[in-house]
Amino acid sequence: MQCPWEPKARSDQGWIDRHNWLIAQTVQHRTDAQIIFVGDSITQHWENVGRVTWDMYYAPRHAYNYGISGDRTENLIYRIRDKEFDGLHPKVAVLMIGTNDIGWNNTVEDTVRGVKQVLTELTAKLPDTKVILTSILPGPERRGSKGKQLAQLIQQFADNKTVFYQDLWTPYVFPNGTQKSELFADGLHLNTKGYEVWQQSMEPLLNKLCPTL
Numbered sequence: 000m001q002c003p004w005e006p007k008a009r010s011d012q013g014w015i016d017r018h019n020w021l022i023a024q025t026v027q028h029r030t031d032a033q034i035i036f037v038g039d040s041i042t043q044h045w046e047n048v049g050r051v052t053w054d055m056y057y058a059p060r061h062a063y064n065y066g067i068s069g070d071r072t073e074n075l076i077y078r079i080r081d082k083e084f085d086g087l088h089p090k091v092a093v094l095m096i097g098t099n100d101i102g103w104n105n106t107v108e109d110t111v112r113g114v115k116q117v118l119t120e121l122t123a124k125l126p127d128t129k130v131i132l133t134s135i136l137p138g139p140e141r142r143g144s145k146g147k148q149l150a151q152l153i154q155q156f157a158d159n160k161t162v163f164y165q166d167l168w169t170p171y172v173f174p175n176g177t178q179k180s181e182l183f184a185d186g187l188h189l190n191t192k193g194y195e196v197w198q199q200s201m202e203p204l205l206n207k208l209c210p211t212l
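Below, the structure is given as C-alpha cells:
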C-alpha cells in the first residue's frame with residue numbers, strides 16, 4: 000500500500016493535464032496570487048458549484064484554485080515537489096486534504112502523518128505564507144468516525160504563527176453529530192449553499208490573516 004507521506008504521481012491523463020495546467024497557472028500568476036486553495040475535489044469544485052461565492056469573495060482578492068479531484072496526501076506532496084507552487088508568494092494558503100485517504104481505507108494515524116508531511120512540504124515551499132489548515136468535511140457514514148478523528152488530531156499542527164486551524168466539521172453537522180444533508184450535493188461534496196457556509200465560517204480567520212485584502 001502507498002504510504003500517505005511519500006510522494007506519488009497519478010497516472011490518469013486527467014490528473015496529468017490538471018497538474019500541468021496548475022503549473023502554467025503558477026507561471027502566469029506568480030506576482031499577483033494572494034490566496035491559494037489547495038486540496039482535492041472539494042477544493043476544485045469551487046470552480047463550478049461554488050463559483051458564485053468564489054467570484055464574490057475570493058476572485059477580487061486574487062485567489063487561485065489548486066484542487067485536483069481524487070487527490071490524496073501523497074499526490075499533493077508530489078505536486079508540491081514538482082513545480083506546482085514554485086515562485087508563488089501568497090499571503091494565505093487554504094489547505095483541505097485527507098478525505099480520499101480515509102476513503103481508501105488508510106488508517107487515521109497514517110493519514111495524520113500524510114497531512115503533517117504536506118504541511119512540512121508546503122511551508123518549506125512557501126515560507127512567507129500563512130496556512131489555514133481546515134478539517135475535512137463530515138462525509139458518508141463509513142468515513143464519518145474516521146473523519147472526525149482526523150479533524151481532531153490535525154489540530155495539533157496549528158502553531159497559530161504559520162499554521163492556523165479552521166474547523167469545517169462543526170458548521171456541517173447538527174448538535175447530535177449527524178450531517179446537514181441540505182449543504183451537500185451527494186453526501187460527500189458540497190452544494191452551492193455548502194460553499195457559502197465554508198466562506199462564512201472561514202472569513203473571520205481569513206480577514207485576521209490578511210486584513211488588507
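Numbering-wise (numbering that gives the first Met the number 0), the sequence shown opens with residue 0 and increments by one.
Beta carbons: idealized from backbone N, C-alpha and C, even for Gly.
Practice task
Taking only the alpha-carbon atoms, compute the straight-line gap between Gln148 and Asp54 and give it to the nearest angstrom.
Solution key: Your numbering for residue 148 matches position 149 in the sequence shown. Your numbering for residue 54 matches position 55 in the sequence shown. For the pair Gln148 and Asp54, the Cα-to-Cα distance works out to about 33 Å.
Exercise for the section: Return the Cβ separation of Thr98 and Ile41 in integer angstroms, given the expectation that the two are a contact with Cβ distance under 8 Å. Expected result: As a working note, residue 98 is residue 99 in the sequence shown. As a working note, residue 41 is residue 42 in the sequence shown. With 8 Å as the limit, Thr98 and Ile41 qualify as a contact, their Cβ atoms being about 7 Å apart.
Practice task
Would you give the residue range spanned by the beta strand (DSSP E) that Lys129 belongs to?
Solution key: By one-based count along the sequence shown, residue 129 stands at place 130. For Lys129, the enclosing beta strand (DSSP E) covers residues Lys129 to Thr133.
Problem - Contacting residues, own chain, Cβ-Cβ under 7 Å from Ala32 (five flanking each side not counted) - result: For the purposes of this step, residue 32 is identified with residue 33 of the sequence shown, where counting begins at 1. Answer for Ala32: His61, Tyr63, Leu87 and Pro89, listed in chain order.
Exercise for the section: Flag this pair as yes or no: are the beta carbons of Val130 and Leu136 separated by less than 8 Å? Expected result: In the sequence shown, counting from the first residue as 1, residue 130 sits at position 131. In the sequence shown, counting from the first residue as 1, residue 136 sits at position 137. Between Val130 and Leu136, the CB-CB gap reaches or exceeds 8 Å.
Problem - Top-ranked residue by Cα proximity to Tyr77, from Asp166, Pro6, Cys209 and Leu182 - result: For the purposes of this step, residue 77 is identified with residue 78 of the sequence shown, where counting begins at 1. Closest option to Tyr77, Cα to Cα, is Pro6.
Exercise for the section: Go to Ala92, then tell me how far its alpha helix (DSSP H) extends in each direction, as first and last residue. Expected result: Within the sequence shown, the letter at position 93 stands for residue 92. Boundaries around Ala92 are those of the beta strand (DSSP E), Val91 to Met95, since no alpha helix (DSSP H) includes it.
Exercise for the section: Please report how far the alpha carbon of Gln151 lies from the alpha carbon of Gly176, in whole angstroms. Expected result: Start at 1 with the first residue of the sequence shown, and residue 151 comes out as number 152. Start at 1 with the first residue of the sequence shown, and residue 176 comes out as number 177. Whole-angstrom Cα-Cα distance: 14 Å.
Practice task
Measure the alpha-carbon distance for Gly146 versus Arg29 and round it to whole angstroms.
Solution key: Here residue 146 corresponds to residue number 147 of the sequence shown, with the count starting at 1. Here residue 29 corresponds to residue number 30 of the sequence shown, with the count starting at 1. Separation of Gly146 and Arg29 (C-alpha to C-alpha, rounded to the nearest whole angstrom) is 34 Å.
Exercise for the section: Have a look at Ile79 and Gly66 and give me their C-alpha separation to the nearest angstrom. Expected result: For the purposes of this step, residue 79 is taken as residue 80 along the sequence shown, with counting starting at 1. For the purposes of this step, residue 66 is taken as residue 67 along the sequence shown, with counting starting at 1. Going by the C-alpha atoms only, they are around 12 Å apart.
Handout entry: Spatially closest choice to Lys192 from Glu108, Arg9 and His44, by CA coordinates
Key = Sequence index remark: in the sequence shown, residue 192 carries index 193 (1-based). It is His44 whose Cα lies nearest to the Cα of Lys192.
Handout entry: Cutoff 6 Å; reference Ala184; Cβ partners in own chain excluding five residues on either side
Key = Along the sequence shown, one-based indexing puts residue 184 at 185. By the criterion of a C-beta distance shorter than 6 Å, Ala184 is surrounded in its chain by Asn190, once the five residues flanking it on both sides are discounted.
Practice task
Please state if the CB of Asp109 and the CB of Pro3 are separated by a distance shorter than 8 Å.
Solution key: In the sequence shown, residue 3 corresponds to position 4, counting from 1. In the sequence shown, residue 109 corresponds to position 110, counting from 1. Their beta carbons are under 8 Å apart, which means Pro3 touches Asp109 by this criterion.
Exercise for the section: Ignore the nearest five residues each way along the sequence and tell me which others in Ser68's own chain have a CB closer than 6 Å to its CB. Expected result: On the sequence shown, residue 68 is found 69 positions in, with the first residue counted as 1. If the five residues before and after Ser68 are omitted, its C-beta is found closer than 6 Å to the C-beta atoms of Ser40 and Gln43, all from its own chain and listed in chain order.
Problem - Candidates Val114, Pro59 and Thr161: closest to Leu204 by CA position - result: Taking the first residue of the sequence shown as position 1, residue 204 is located at position 205. Measuring C-alpha to C-alpha distances from Leu204 to each of Val114, Pro59 and Thr161 identifies Thr161 as the nearest.
Exercise for the section: Check Tyr57 in the structure and name its three-state DSSP category. Expected result: Taking the sequence shown and counting its residues from 1, the one referred to as residue 57 is at position 58. Coil.
Practice task
Flag this pair as yes or no: are the beta carbons of Ser134 and Asp166 separated by less than 8 Å?
Solution key: Along the sequence shown, read from residue 1 onward, the residue named residue 134 stands at position 135. Along the sequence shown, read from residue 1 onward, the residue named residue 166 stands at position 167. When the beta-carbon positions are compared, Ser134 and Asp166 come within less than 8 Å of each other.
Problem - Simplified DSSP assignment, three categories, for Ile35 - result: Your numbering for residue 35 matches position 36 in the sequence shown. It is a strand residue.
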